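Engineer: Mind looking over this structure? Questions follow.
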Amino acid sequence: MVFREKNSRGTFKPHLSIKFRSIEGELVTFSIDTTRTPAKYQQPDAYLITHAHSDHHGKSAMLSDRAVCSEKTAIALEIRHDRKYAGRTFKVGETIEVSGVKVHTFPNFHTVGSVAFMWENEVGTRILVTGDVKDASMLPECDLLITEANYGDPGDTTCYFDDDLEGFENAFRDNSSIAFGAYAFGKAQRAVELLRGFGYDGVIEMEDQSLSLTRTLLEDAGELEYLGNCCGDSISIVPPWDLDKLPSHISKFVMTGRSDYRYPAIQISDHLDARGLVDMVKNIDPEFTVVYHPNGHRPGRFAKHLDSIGFNALSIDKIENVLSNEFV
Numbered sequence: 001m002v003f004r005e006k007n008s009r010g011t012f013k014p015h016l017s018i019k020f021r022s023i024e025g026e027l028v029t030f031s032i033d034t035t036r037t038p039a040k041y042q043q044p045d046a047y048l049i050t051h052a053h054s055d056h057h058g059k060s061a062m063l064s065d066r067a068v069c070s071e072k073t074a075i076a077l078e079i080r081h082d083r084k085y086a087g088r089t090f091k092v093g094e095t096i097e098v099s100g101v102k103v104h105t106f107p108n109f110h111t112v113g114s115v116a117f118m119w120e121n122e123v124g125t126r127i128l129v130t131g132d133v134k135d136a137s138m139l140p141e142c143d144l145l146i147t148e149a150n151y152g153d154p155g156d157t158t159c160y161f162d163d164d165l166e167g168f169e170n171a172f173r174d175n176s177s178i179a180f181g182a183y184a185f186g187k188a189q190r191a192v193e194l195l196r197g198f199g200y201d202g203v204i205e206m207e208d209q210s211l212s213l214t215r216t217l218l219e220d221a222g223e224l225e226y227l228g229n230c231c232g233d234s235i236s237i238v239p240p241w242d243l244d245k246l247p248s249h250i251s252k253f254v255m256t257g258r259s260d261y262r263y264p265a266i267q268i269s270d271h272l273d274a275r276g277l278v279d280m281v282k283n284i285d286p287e288f289t290v291v292y293h294p295n296g297h298r299p300g301r302f303a304k305h306l307d308s309i310g311f312n313a314l315s316i317d318k319i320e321n322v323l324s325n326e327f328v
């Protein structure tokens with residue numbers, strides 16, 4: 001049973017949970033990318049955390065000894081939230097046992113350490129939770145797919161894009177002093193990987209949290225320095241809202257698909273676009289799909305589109321199975 005849980009205020013907790021019987025016939029509950037259930041209520045058997053972005057609620061779940069995430073996701077959570085991760089960890093790609101259930105993990109290339117989880121119930125139904133996905137090439141076929149729709153509205157032209165890698169490369173080659181606006185977790189590490197991949201071996205300056213995350217999570221990050229510690233021309237990576245704080249002579253770009261920043265945007269995304277999401281579902285070929293993320297209208301529109309092309313689908317707002325903390 002896929003269900004949503006209400007908290008003590010009568011409002012929905014984020015995302016969802018899955019109750020199923022294990023191969024041994026035991027009743028098990030996994031909560032997916034959600035906040036913790038208060039300690040006085042019955043706990044799920046595990047809080048599965050796909051990655052460390054705040055809209056997947058690891059800040060709350062990381063404090064439970066029932067939390068499960070990759071080693072690098074745990075590190076990212078600790079750096080981002082200055083809290084000790086209390087759960088268990090694994091290396092991306094490993095198979096682990098959680099409450100007697102064999103859980104397989106797969107890279108989805110959304111952020112450093114992000115994963116998809118898959119397991120089987122007592123009748124062999126394969127359940128796959130993707131998290132957010134940038135590259136679905138390593139995700140397996142399944143029977144029940146639980147996935148995202150960040151850019152899943154086929155009727156929205158902004159949900160169709162290709163990464164502008166050429167524009168990114170030209171920007172840093174054409175400017176001796178340049179800054180990229182990129183979120184501290186995820187996009188900043190992607191920017192460093194791209195720069196090194198294009199052959200840049202100089203110093204990259206970063207603000208505190210971006211630097212700490214990148215040094216810890218990337219194995220081949222090269223020479224990194226705190227912002228302002230480097231002499232001469234260099235490349236800087238800062239959060240988009242900090243670009244205004246940099247000297248005016250520095251050329252500034254934002255790594256985003258949005259158009260509401262004052263600086264030129266370079267389309268670099270950590271997500272599949274609408275075409276990629278549809279292709280992912282076709283390749284995984286599930287019997288049923290639940291679209292659980294993000295908030296807003298896109299899960300419903302993506303589920304509706306999947307239905308129209310022959311894939312049974314349901315969005316999170318249509319899930320009728322609801323448990324209240326008063327009864328859990």
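Taking the working numbering as reference, the numbering of the sequence shown is continuous, increasing by one, and the terminal residue is 328. No residue lacks a Cβ here, since even glycine has one placed at the ideal position from N, Cα and C. Note that the structure is a prediction, hence the values are computed from the model and not measured.
Which residues share a DSSP beta bridge with Y47?
Structural biologist: As a position in the sequence shown, residue 47 is number 47, starting the count at 1. In the DSSP assignment, the residues bridged to Y47 are S31 and A67.
Engineer: What separation, rounded to the nearest whole angstrom, lies between the Cα atoms of F311 and H56?
Structural biologist: For the purposes of this step, residue 311 is taken as the residue at position 311 of the sequence shown. For the purposes of this step, residue 56 is taken as the residue at position 56 of the sequence shown. Rounded to the nearest angstrom, the two C-alpha atoms are 26 Å apart.
Engineer: Which same chain residues end up closer than 7 Å to S269 when comparing Cβ atoms and leaving out the 5 residues on each side of it in sequence?
Structural biologist: Position 269 of the sequence shown holds residue 269. Only F161, D163 and G257 meet the Cβ criterion.
Engineer: Taking DSSP's pairing of strands, which residues face L227 in a bridge?
Structural biologist: Residue mapping note: residue 227 aligns to position 227 of the sequence shown, counting from 1. BP columns for L227 are empty, so no partner.
Engineer: Closest to A52 by CA distance: which of A46, D45, A274 and A61 is it?
Structural biologist: Locating residue 52 in the sequence shown gives position 52, where the first residue counts as 1. The residue with the shortest Cα to Cα distance from A52 is A61.
Engineer: Are the Cβ atoms of S114 and T73 separated by less than 8 Å?
Structural biologist: Looking up residue 114 in the sequence shown gives position 114. Looking up residue 73 in the sequence shown gives position 73. Their beta carbons are under 8 Å apart, which means S114 touches T73 by this criterion.
Engineer: How would you label H264, buried or exposed, when you count the other beta carbons within 10 angstroms and need 16 or more for buried?
Structural biologist: Within the sequence shown, residue 264 is the residue found at index 264, counting from 1. Per the sequence shown, residue 264 should be read as Pro rather than His. In summary, P264 is exposed, with fewer than 16 beta-carbon neighbours lying within 10 Å of its beta-carbon over all protein chains present.
Engineer: Just to confirm my understanding: we take F327, look at its own chain, exclude 5 residues before and 5 after, and list those with CB closer than 6 Å. What are they?
Structural biologist: Here residue 327 refers to the residue found at position 327 of the sequence shown. For F327, the pLDDT reaches just 38, beneath the cut-off of 50, and the residue's location in the model is therefore unreliable, leaving the point undetermined.
Engineer: Which runs of the alpha helix (DSSP H) fall wholly inside the segment 48-132 and span at least 4 residues, in chain order?
Structural biologist: 58-61 and 71-81
Engineer: Count the other CB atoms within 10 Å of the CB of H249; is the residue buried (16 or more) or exposed (fewer)?
Structural biologist: Stepping through the sequence shown from its first residue, residue 249 is reached at position 249. So H249 ends up on the exposed side.
Engineer: Can you tell me the Cα-Cα spacing of F106 and P247, whole angstroms?
Structural biologist: Along the sequence shown, one-based indexing puts residue 106 at 106. Along the sequence shown, one-based indexing puts residue 247 at 247. Roughly 42 Å separates the two Cα atoms.
Engineer: Rounded C-beta distance between V68 and R88? I'm assuming under 8 Å.
Structural biologist: Position 68 of the sequence shown holds residue 68. Position 88 of the sequence shown holds residue 88. With a Cβ gap of about 6 Å, V68 and R88 count as contacting.
Engineer: Select from I75, T35, S251 and H110 the residue whose C-alpha is nearest the C-alpha of N150.
Structural biologist: Within the sequence shown, residue 150 is the residue found at index 150, counting from 1. Distances from the alpha-carbon of N150 to those of I75, T35, S251 and H110 put H110 closest.
Engineer: Using C-beta distances below 8 Å, list every residue in its chain close to R275, excluding the 5 sequence neighbours before and after it, in chain order.
Structural biologist: Start at 1 with the first residue of the sequence shown, and residue 275 comes out as number 275. Closer than 8 Å at Cβ, skipping near neighbours: Y160.
Engineer: By alpha-carbon positions, which one of W119, E148, Y47 and K252 ends up nearest to R21?
Structural biologist: To locate residue 21, count along the sequence shown from 1; it is residue 21. For R21, the nearest C-alpha among the options comes from W119.
Engineer: Check for me: the alpha helix (DSSP H) holding K304 runs from which residue to which?
Structural biologist: What you label residue 304 is simply residue 304 of the sequence shown in a count that begins at 1. From DSSP, the alpha helix (DSSP H) with K304 extends over R298 to S308.
Engineer: For a quick check, are the C-beta atoms of N251 and I178 less than 8 Å apart?
Structural biologist: As a first step, residue 251 must be located in the sequence shown, where it is residue number 251. As a first step, residue 178 must be located in the sequence shown, where it is residue number 178. Residue 251 is actually Ser in this sequence, not Asn. It is a contact, given that the beta carbons lie within the stated cut-off.
Engineer: In this structure, does DSSP put M1 in helix, strand or coil?
Structural biologist: In the sequence shown, the residue the question calls residue 1 occupies position 1. It is coil, neither helix nor strand.
Engineer: Verify the contact flag: I32, CB atom, against every heavy atom of the ligand ZN, threshold strictly below 7 Å.
Structural biologist: What this structure holds is no ligand at all, so the ligand ZN is not there to describe.
Engineer: From the DSSP output, in three-state form, read off L218 for me.
Structural biologist: Within the sequence shown, numbered from 1, the residue matching residue 218 stands at position 218. Looking at L218 - three-state DSSP - the assignment turns out to be coil, as it is neither helix nor strand.
Engineer: Could you spell out where the beta strand (DSSP E) holding G181 opens and where it closes?
Structural biologist: As a working note, residue 181 is residue 181 in the sequence shown. Residue range I178 to G181 is occupied by the beta strand (DSSP E) that includes G181.
Engineer: Let's test the definition: count the other Cβ atoms within 10 Å of the Cβ of V123 and tell me whether it reaches 16, buried, or not, exposed.
Structural biologist: The count along the sequence shown starts at 1 and reaches residue 123 at position 123. Classification of V123: exposed, given that the 10 Å Cβ count is below 16.
Engineer: Tell me the rounded alpha-carbon separation between Y226 and A86.
Structural biologist: For the purposes of this step, residue 226 is taken as residue 226 along the sequence shown, with counting starting at 1. For the purposes of this step, residue 86 is taken as residue 86 along the sequence shown, with counting starting at 1. Cα to Cα, the separation comes out at about 30 Å.
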